[in-house]
Amino acid sequence: MTGSNHQHTQVALSRLDKSMAALERIRDRILTKRDAYPQNSEKWQRQTMELNAVLSKLQEFQAEKDVVFHPELYSDEQLPYMACFHGVVSALEAFVSSMSPVTSDFLEYTDPKTGNTPLLVACAQGHVECAKILIAVGANVDARNKAGSTALHCACEHGQMDVVAFLLDVPYMNPYTLDRRHHSPLQIARMACLDHDAWTRFKECARLLEEVGLPLVPSLP
Numbered sequence: 001m002t003g004s005n006h007q008h009t010q011v012a013l014s015r016l017d018k019s020m021a022a023l024e025r026i027r028d029r030i031l032t033k034r035d036a037y038p039q040n041s042e043k044w045q046r047q048t049m050e051l052n053a054v055l056s057k058l059q060e061f062q063a064e065k066d067v068v069f070h071p072e073l074y075s076d077e078q079l080p081y082m083a084c085f086h087g088v089v090s091a092l093e094a095f096v097s098s099m100s101p102v103t104s105d106f107l108e109y110t111d112p113k114t115g116n117t118p119l120l121v122a123c124a125q126g127h128v129e130c131a132k133i134l135i136a137v138g139a140n141v142d143a144r145n146k147a148g149s150t151a152l153h154c155a156c157e158h159g160q161m162d163v164v165a166f167l168l169d170v171p172y173m174n175p176y177t178l179d180r181r182h183h184s185p186l187q188i189a190r191m192a193c194l195d196h197d198a199w200t201r202f203k204e205c206a207r208l209l210e211e212v213g214l215p216l217v218p219s220l221p
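Residue numbering for the sequence shown is 1 to 221, as defined by the UniProt record's numbering.
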């Protein structure tokens with residue numbers, strides 16, 4: 001692929017990322033507004049209809065991103081990370097289906113800036129299907145980034161409810177680990193509730209973790 005095509009693809013992905021981020025903010029406002037009404041009331045149902053329309057549009061944008069994303073633009077080392085960042089399940093599936101003992105190490109590629117692995121970025125971005133694939137093929141569930149955050153920390157920081165629910169069902173996933181600021185995933189979720197106007201997703205993350213219970217001894221990084 002030529003340099004101009006590479007640039008065109010990056011511009012298209014960036015445009016889709018911005019469009020999806022704007023829709024996600026609308027989604028969050030709807031979720032927070034809906035949370036104020038009794039379930040199944042007329043106003044709750046109206047907000048649900050608006051929410052479903054936004055979610056449908058987000059799915060359309062993701063489908064467009066799947067088409068725009070070109071795996072050949074990336075080295076084998078970077079491909080799992082970029083596929084997880086953009087949530088392109090087909091590209092990740094193709095990579096893992098042809099992994100060798102050498103390329104399997106690329107599942108633990110770390111972003112130079114953040115220290116995120118493919119699993120951590122998938123969880124931060126809310127791409128639960130990517131996270132499922134990675135864990136199924138042996139990605140390190142205890143990986144940490146430069147902030148000492150685990151996959152669960154990353155999911156809670158970004159209010160990724162579905163990812164949190166999935167991770168809590170993963171064997172040996174420790175929900176009590178502390179990051180470098182000595183914050184647990186539950187503390188991250190609770191603080192995010194205070195820091196975001198649209199807090200419904202963070203509240204749900206906290207609720208899921210509260211159901212697990214509190215540890216006898218926190219796990220330091």
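Ideal Cβ positions, reconstructed from N, Cα and C, are used throughout, including at glycine. Being a predicted model, the structure only gives us computed values, none of them experimental.
Would you tell me roughly how many angstroms separate the C-alpha atoms of Cys-123 and Glu-60, rounded to the nearest one?
Cα to Cα, Cys-123 sits roughly 21 angstroms from Glu-60.
Anyone know if the C-beta pair for Leu-51 and Arg-34 falls short of 8 angstroms?
Yes; because the gap between Cβ atoms is below 8 angstroms, this pair is in contact.
Relative to the alpha-carbon of Val-170, which residue among Ala-206, Pro-101, Ile-30, Val-212 has its alpha-carbon at the smallest distance?
Val-170 has its Cα closest to that of Val-212, out of Ala-206, Pro-101, Ile-30, Val-212.
Under the three-state reduction of DSSP, which class applies to Thr-9: helix, strand or coil?
Residue state, collapsed to three classes: helix.
Is the separation between the beta-carbon of Thr-32 and that of Trp-199 shorter than 8 angstroms?
Yes, these two residues count as a Cβ contact at 8 angstroms.
Note down, in chain order, each residue of its chain lying with its Cβ closer than 6 angstroms to the Cβ of Glu-157, except the 5 sequence neighbours on either side.
Result list for Glu-157: Ile-188, in chain order.
Leaving out five residues before and five after Phe-166 in sequence, what residues of the same chain have Cβ atoms less than 8 angstroms from its Cβ?
Closer than 8 angstroms at the Cβ level, and outside the excluded window around Phe-166, lie Val-128, Ala-131, Lys-132.
Rounding to the nearest angstrom, what Cα-Cα distance links Asp-17 and Met-173 in this structure?
Distance between the alpha carbons of Asp-17 and Met-173: 30 angstroms.
Do you know how far the Cα of Leu-120 is from the Cα of Arg-144?
Cα-Cα distance, rounded: 8 angstroms.
So, under 8 angstroms CB-CB, Val-164 and Leu-194 are touching, yes? Tell me the CB distance rounded to an integer number of Å.
With 8 angstroms as the limit, Val-164 and Leu-194 do not qualify as a contact, their Cβ atoms being about 18 angstroms apart.
If contacts are defined as beta-carbon pairs under 8 angstroms, then Gly-159 and Ala-192 qualify, I think. What distance do you get, rounded to the angstrom?
Yes, Gly-159 and Ala-192 are in contact; Cβ-Cβ is about 6 angstroms, under 8 angstroms.
Is Phe-69 helix, strand or coil by DSSP?
Looking at Phe-69 - three-state DSSP - the assignment turns out to be coil, as it is neither helix nor strand.
Do you know whose CA, among Phe-85, Val-88, Ser-75, lies nearest Phe-106's CA?
Out of Phe-85, Val-88, Ser-75, Ser-75 has the C-alpha closest to the C-alpha of Phe-106.
With 16 as the cutoff for other CB atoms within 10 Å, does His-182 come out buried or exposed?
Exposed, since its Cβ has fewer than 16 Cβ neighbours within 10 Å.
Identify, in the order they occur along the chain, each residue of the same chain with its Cβ nearer than 6 angstroms to the Cβ of Val-6, setting aside the five sequence neighbours on each side.
The sequence given here places His at residue 6; Val does not occur at that position. So the qualifying residues of the chain are Leu-73.
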